[in-house]
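A short write-up of the structure that comes next.
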Amino acid sequence: LKDEVDRMERLSLVGQMAASITHEIRNPMAVIRGFIQLLNERSAVDQQSYFRIVLDELDRANAIINDFLSLAQNRIVQKESGNLHDLLNDVIPLIWADANMRGQVFEAKLCDNMDMLELNSKEIKQLILNLARNGMEAMNDKGVLRIETLNFEDTIQLRVIDSGVGISKEKQERLFEPFYTTKANGTGLGLPLCLSIVERHNGKIHVESVLGQGTTIIVSFCKPGRNCW
Ligand code: ADP
Ligand code: MG
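Sequential numbering of the sequence shown, starting at 324, is according to UniProt numbering.
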């Protein structure tokens, strides 16, 4: 009986997920359909902006599908002993280039000695990039994005700090809800994905934010063999 209940719960979860992704993909589809129709009717002057919108919405539908798949796959990932700094060194050039294009400043302050963790490199890189992108998207061209690492007795911390708009208390409670987004082209799947990655790595994620001043996202990883929480 328990197996049967488990199976029903899984099926109903799949149903709920299918319903929400269907809804989310229909939005960009409706926009694309509307603008294609307009393209058929309107003069050539409007066409360029309509094409832009259609392409943006296609990209958004694609991003939703990609993020959703990563989230839904919630699979047992292979982890290997690895150094967080090695992964950071792989993604920092990408973040730096992105910040540069936005006219923002990027800084990294990595601690002197980094202990090994059990990591899935692909997932941790995805985590870092997602958090960094959120930070950059919260700032104008005067913003500063900073990544720090700290090596404590039992835990290793990764901090992603931005000087952006900040997040109100009410918003903070919804951050990890799938599809919660305040961005026109957001998916609302970035932070849910980050949370599931952190949980798969025996980690915790905390948000500290002051409205109008900025946000710090703190990810704590428990070192192998330690009792952290
Ligand atoms: P998306 O980035 O696609 O909107 P996320 O799950 O990554 O989805 O983030 C959800 C929402 O949380 C964002 O739309 C934004 O409102 C808020 N948010 C996330 N990170 C930050 C940040 N560093 N500063 C301000 N708001 C943030
Ligand atoms: Mg995001």
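Beta carbons: idealized from backbone N, C-alpha and C, even for Gly.
Given the structure is predicted, the values throughout are model-derived calculations rather than measurements.
Of the residues the options, the one placed nearest residue i, counting alpha carbons only
{"i": "L411", "options": "I399, S444, D382", "result": "S444"}
{"i": "E496", "options": "E380, A431, E531", "result": "E531"}
{"i": "N512", "options": "V488, W552, A386", "result": "Reading the sequence as shown, one finds Leu at residue 512 and not Asn. For L512, the nearest C-alpha among the options comes from A386."}
{"i": "K432", "options": "I484, G458, L381", "result": "I484"}
{"i": "E460", "options": "E446, Q427, F475, S491", "result": "Q427"}
{"i": "S343", "options": "D379, L392, L534", "result": "L392"}
{"i": "C434", "options": "K527, G537, F475, E332", "result": "F475"}
{"i": "E380", "options": "F358, H529, G487", "result": "F358"}
{"i": "V488", "options": "A455, N463, I540", "result": "N463"}
{"i": "V533", "options": "L468, M340, K492", "result": "K492"}
{"i": "E522", "options": "H346, V400, I376", "result": "V400"}
{"i": "L378", "options": "V354, L394, N363, E364", "result": "V354"}
{"i": "L468", "options": "E446, Q339, W419, Y503", "result": "W419"}
{"i": "T539", "options": "M424, G466, R425, R482", "result": "R482"}
{"i": "E430", "options": "A455, T505, I470, S335", "result": "I470"}
{"i": "S486", "options": "G509, K465, D421", "result": "K465"}
{"i": "G535", "options": "D326, I490, R356, C551", "result": "I490"}
{"i": "D477", "options": "S335, H346, N550", "result": "N550"}
Own chain partners of residue i with C-beta closer than 7 angstroms, once the 5 adjacent residues on each side are dropped
{"i": "V414", "result": "K448, I451, L452"}
{"i": "S404", "result": "M439, E441"}
{"i": "F457", "result": "It should be pointed out that residue 457 corresponds to Asn in this sequence rather than to Phe. So the qualifying residues of the chain are G513."}
{"i": "R425", "result": "M459, D464"}
{"i": "residue 275", "result": "Because the chain here runs from 324 to 552, residue 275 falls outside it and cannot be looked at."}
Contacts around residue i, its chain only, beta-carbon distance under 8 angstroms, and the 5 residues preceding and following it disregarded
{"i": "I479", "result": "L407, M437, D438, L440, T472, L473, S543, F544, K546"}
{"i": "L361", "result": "D369, Y373"}
{"i": "I348", "result": "A384, I387, I388"}
{"i": "E364", "result": "none"}
{"i": "L417", "result": "L452"}
{"i": "K506", "result": "E460"}
Neighbourhood of residue i by C-beta distance below 6 angstroms, restricted to the same chain and skipping five residues each side
{"i": "L514", "result": "L498, F499"}
{"i": "K527", "result": "S543"}
{"i": "Y503", "result": "R497, G511"}
{"i": "L454", "result": "V483, I540"}
Distance between beta carbons of residue j and residue i, contact taken as under 8 angstroms
{"i": "L516", "j": "D390", "result": "6 angstroms"}
{"i": "P351", "j": "R383", "result": "5 angstroms"}
{"i": "I541", "j": "H524", "result": "The pair is not a contact, with the Cβ atoms about 14 angstroms apart (cut-off 8 angstroms)."}
{"i": "E446", "j": "I376", "result": "Rounded, the Cβ-Cβ distance is 33 angstroms, inconsistent with contact."}
{"i": "A395", "j": "M340", "result": "6 angstroms"}
Cutoff 8 angstroms: residue i Cβ touching any chain C Cβ
{"i": "M352", "result": "Protein chain content of the structure displayed is limited to a single chain, and chain C is not contained in it."}
Next on the checklist: Run the Cβ filter for me: residues under 5 angstroms from any heavy atom of the ligand MG, listed in the order they occur in the chain.
Outcome noted: Cβ-based neighbours of the ligand MG within the cut-off: N457, G513.
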